[in-house]
Amino acid sequence: MEGAASQATGCHASVHYHHRGHVLSTQGHPTKRLTHGHLIRRLSQLYVGLALYGASSALLVEAGLGLEPWNVLHQGLAERTGLTIGVVSIIVGAAVLLLWIPLRQRPGLGTVSNVFVVGLAMDGTLALLPEAHTLTVRIPLLLAGIVLNGLATGLYIAARFGPGPRDGLMTGLHQRTGRSIRLMRTAVEVAVVVTGFALGGTVGAGTVLYAVSIGPLAQLFLRVFAVPSASDGSTVVATGQPRGAILRP
Numbered sequence: 001m002e003g004a005a006s007q008a009t010g011c012h013a014s015v016h017y018h019h020r021g022h023v024l025s026t027q028g029h030p031t032k033r034l035t036h037g038h039l040i041r042r043l044s045q046l047y048v049g050l051a052l053y054g055a056s057s058a059l060l061v062e063a064g065l066g067l068e069p070w071n072v073l074h075q076g077l078a079e080r081t082g083l084t085i086g087v088v089s090i091i092v093g094a095a096v097l098l099l100w101i102p103l104r105q106r107p108g109l110g111t112v113s114n115v116f117v118v119g120l121a122m123d124g125t126l127a128l129l130p131e132a133h134t135l136t137v138r139i140p141l142l143l144a145g146i147v148l149n150g151l152a153t154g155l156y157i158a159a160r161f162g163p164g165p166r167d168g169l170m171t172g173l174h175q176r177t178g179r180s181i182r183l184m185r186t187a188v189e190v191a192v193v194v195t196g197f198a199l200g201g202t203v204g205a206g207t208v209l210y211a212v213s214i215g216p217l218a219q220l221f222l223r224v225f226a227v228p229s230a231s232d233g234s235t236v237v238a239t240g241q242p243r244g245a246i247l248r249p
């Protein structure tokens with residue numbers, strides 16, 4: 001799940017492999033080994049990022065001071081149905097993914113993984129967290145949740161395995177209507193927050209703080225995780241901006 005951070009579509013970045021000061025030939029064995037290792041790193045980033053995203057959402061739920069827009073809806077539906085918020089997140093993610101069909105969006109591995117991993121990680125983390133009753137505990141939980149969410153967003157966007165289902169909805173609406181991504185995102189998330197709040201979801205100071213801080217945090221961590229060092233001393237240099245990234249609050 002990508003929420004207000006609006007995780008990006010796959011990065012269309014140019015990647016160059018260097019070994020001892022020389023660009024490696026695509027025919028050489030060092031490049032093949034590096035490519036294999038690079039794929040493993042990307043897969044690791046994808047699933048670690050998604051799991052941490054679910055954990056960060058659980059911290060925001062436990063803080064009780066306001067949730068990300070989509071989790072406001074998920075929490076409201078969970079209150080009405082008796083399902084856990086993680087299960088609701090999976091159901092909503094799957095339903096949104098079906099909307100990709102008329103919008104002619106193509107899901108990637110990251111898209112499908114997003115639907116399941118985030119919800120499972122959220123429920124798992126909530127089961128382990130003790131209840132927080134005082135502000136001296138809830139405020140640090142909120143801040144930790146927002147920072148961890150930004151880190152998780154940077155991790156799995158940089159993995160370049162496709163956008164989350166909710167972001168694909170926004171970019172699909174952008175492509176079909178010709179309206180700006182910012183407008184589509186705002187319209188969708190306002191509708192989501194209003195509906196979720198009416199159903200009993202939590203809107204508060206945390207919702208506002210998340211909205212204004214998640215963009216800069218995600219951009220920061222995207223840069224951090226987009227330029228990894230290979231284990232054999234080579235360097236993977238990725239340049240360019242993820243196409244379709246929606247990281248502004």
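Going by the working numbering, the sequence shown runs without a break in its numbering and finishes at 249.
All C-beta atoms in this analysis are idealised placements derived from N, C-alpha and C, irrespective of residue type, glycine included.
Quick caveat, the model's predicted, so the values are computed rather than measured.
Counting along the chain, no alpha helix (DSSP H) covers Phe161, and no H or E run does either.
For Leu199, the enclosing alpha helix (DSSP H) has its first and last residue at 181-199. Each of Ala158, His38, Thr171 was checked against the Cα of Ala218, and the nearest Cα belongs to Ala158. Here the segment 121-136 makes no contact with the segment 198-209; the two share fewer than three CB pairs at distances below 8 Å.
Of the residues assessed, His74 falls on the buried side of the cut-off, its CB having 16 or more other CB atoms within 10 angstroms. Of Phe221, Val224, Phe225, Ala205, the smallest CA-CA separation from Glu68 is found for Ala205.
Ser89 counts as buried, since no fewer than 16 other beta carbons sit within 10 angstroms of its beta carbon.
Note on geometry: alpha-carbon atoms of Leu129 and Gly178 lie some 44 Å from one another.
The Cβ-Cβ distance between Gly110 and Phe161 falls below 8 Å.
In the three-state reduction of the DSSP assignment, Thr84 falls in the coil class, being assigned neither a helical nor a strand state. Classified as buried, Ala78 has 16 or more neighbouring CB atoms from the shown chains inside 10 Å of its CB. In the three-state reduction of the DSSP assignment, Glu79 falls in the helix class.
Three or more Cβ pairs closer than 8 Å define a contact, and the segment 134-153 falls short of that threshold against the segment 34-45. Separation of Leu155 and Thr134 (C-alpha to C-alpha, rounded to the nearest whole angstrom) is 31 Å. By the neighbour-count criterion, in which a residue is buried when 16 or more other Cβ atoms sit within 10 angstroms of its Cβ, Ala187 is exposed. With a cut-off of 8 Å on Cβ pairs, the segment 91-98 is not in contact with the segment 59-66, counting fewer than three such pairs.
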